[in-house]
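These notes concern the structure reproduced below.
In our numbering, the protein residues as written are 15 to 348.
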């Protein structure tokens with residue numbers, strides 16, 4: 015009986031207390047042990063190096079997922095495209111990706127966005143190389159800026175920066191797709207690009223190491239946006255919608271835990287991502303400013319996302335966004 019043994023004392027009747035406890039165990043077993051069962055959920059994230067996705071591990075360490083009846087298996091991918099492929103294949107049931115990844119749903123991914131995990135992109139910034147001679151955002155006109163891939167969020171942020179500053183033609187920033195952060199840093203050192211789009215954590219690391227300076231925090235530029243989205247496969251929403259709700263409840267609890275336990279969260283995130291705690295401490299306010307506890311989709315932010323799809327040429331025109339997301343699974347605020 016799950017390791018519980020009955021003890022007889024010198025051949026006499028065992029105690030009433032032990033007998034009563036045994037009866038409770040038997041009752042629990044006869045009910046199938048449902049009170050102790052955890053839903054096994056496979057969660058994928060588009061990248062494994064984003065601080066904004068570390069609530070998965072922080073919630074695990076704090077016992078929050080278990081408290082909400084969930085046991086998570088976490089898988090990291092190398093971009094939104096891989097995450098969406100995993101959602102198609104059924105390798106993951108829940109996926110954490112970027113807001114622009116909503117466009118994939120227009121191409122038949124059997125999933126729906128069930129929460130806006132991150133709002134304004136305070137966790138992303140534009141870093142200028144200190145050796146470039148450029149000292150201000152205005153000095154970037156016509157310069158090459160590193161991005162991960164064409165069609166990515168970093169690509170769109172470069173296009174949107176040019177639009178916001180009124181730079182067109184030869185004055186517009188030139189996005190250069192370079193892939194990994196390592197490749198972008200190498201190009202920055204060689205002078206092949208003047209700057210690159212990266213995380214606030216990396217921006218502070220560059221500043222500390224003297225190789226770059228933060229010229230622009232994108233959260234200051236974009237007033238309405240959805241940086242991160244939670245996707246869930248259609249079959250999970252159909253057959254176990256309560257698990258999706260409990261995941262969002264656990265996520266919200268974890269964000270609040272991180273707000274209330276700043277030092278522990280900074281230390282754990284630093285360890286998980288192999289980053290200097292001093293850098294993480296500086297970037298932590300930007301990370302928390304990005305993460306939302308509301309989780310609902312703001313219509314204005316959704317409209318900005320819709321425009322990004324056409325700006326990037328991902329979709330030929332503005333789609334009916336209501337087909338791609340829902341607020342139905344967001345638990346009520348307490």
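By construction, the Cβ of each residue, glycine as well, lies at the ideal position given by its N, Cα and C atoms.
| said: In the DSSP assignment, the beta strand (DSSP E) including residue 53 goes from what residue to what residue? | reply: 53-59
| Once you ignore the five residues that flank residue 44 on each side, which residues in its own chain have a CB closer than 8 Å to its CB? | Low confidence applies here, because residue 44 scores a pLDDT of 39, under 50, leaving its location unreliable; read the following figure in that light. For residue 44, where only same-chain residues beyond five positions count, there are no Cβ hits under 8 Å.
| With a Cβ-Cβ cutoff of 7 Å, do residue 214 and residue 297 count as a contact? | yes
| field | Segments of 4+ residues assigned as alpha helix (DSSP H) that fall wholly inside the stretch 241-273 | value | Within the stretch 241-273, the runs of alpha helix (DSSP H) at least 4 residues long that lie entirely inside it are, in chain order, 248-253.
| request: Since I believe residue 155 is in contact with residue 188 (beta carbons under 8 Å), could you give me their beta-carbon distance rounded to a whole number of angstroms? | output: With 8 Å as the limit, residue 188 and residue 155 do not qualify as a contact, their Cβ atoms being about 10 Å apart.
| query | Are the stretch 220-236 and the stretch 137-145 in contact at 8 Å, needing three or more beta carbon pairs? | reply | Yes: the two stretches touch, three or more of their Cβ pairs being nearer than 8 Å.
| query | If we count Cβ pairs, one from each stretch, closer than 8 Å, do we get three or more for the stretch 289-305 versus the stretch 110-119? | reply | no
| If residue 261 and residue 125 are in contact, beta carbons under 8 Å, what's the gap, nearest whole angstrom? | No, residue 261 and residue 125 are not in contact; Cβ-Cβ is about 14 Å, not under 8 Å.
| said: Between the alpha carbons of residue 46 and residue 219, how many angstroms are there, rounded? | reply: Annotation note: pLDDT 42 at residue 46 (below 50); position unreliable, coordinate value reported separately. Cα-Cα distance, rounded: 52 Å.
| DSSP state of residue 162, grouped into three classes? | Judged by DSSP in its simplified three-state form, residue 162 adopts coil rather than helix or strand.
| task | Would you list the residues sitting across from residue 143 in a DSSP beta bridge? | result | 226.
| request: For residue 273, collect the residues of the same chain with a Cβ closer than 8 Å to its Cβ; drop the 5 residues on either side in sequence, then sort them by chain order. | output: 302
| query | Going along the chain, which residues of its own chain have a beta-carbon closer than 8 Å to the beta-carbon of residue 206, five neighbours each way excluded? | reply | For residue 206, where only same-chain residues beyond five positions count, the Cβ hits under 8 Å are 158 and 190.
| Inter-residue Cα distance where the pair is residue 3 and residue 89 | In the structure displayed, the chain extends from 15 to 348; residue 3 sits before or after that span and is not available.
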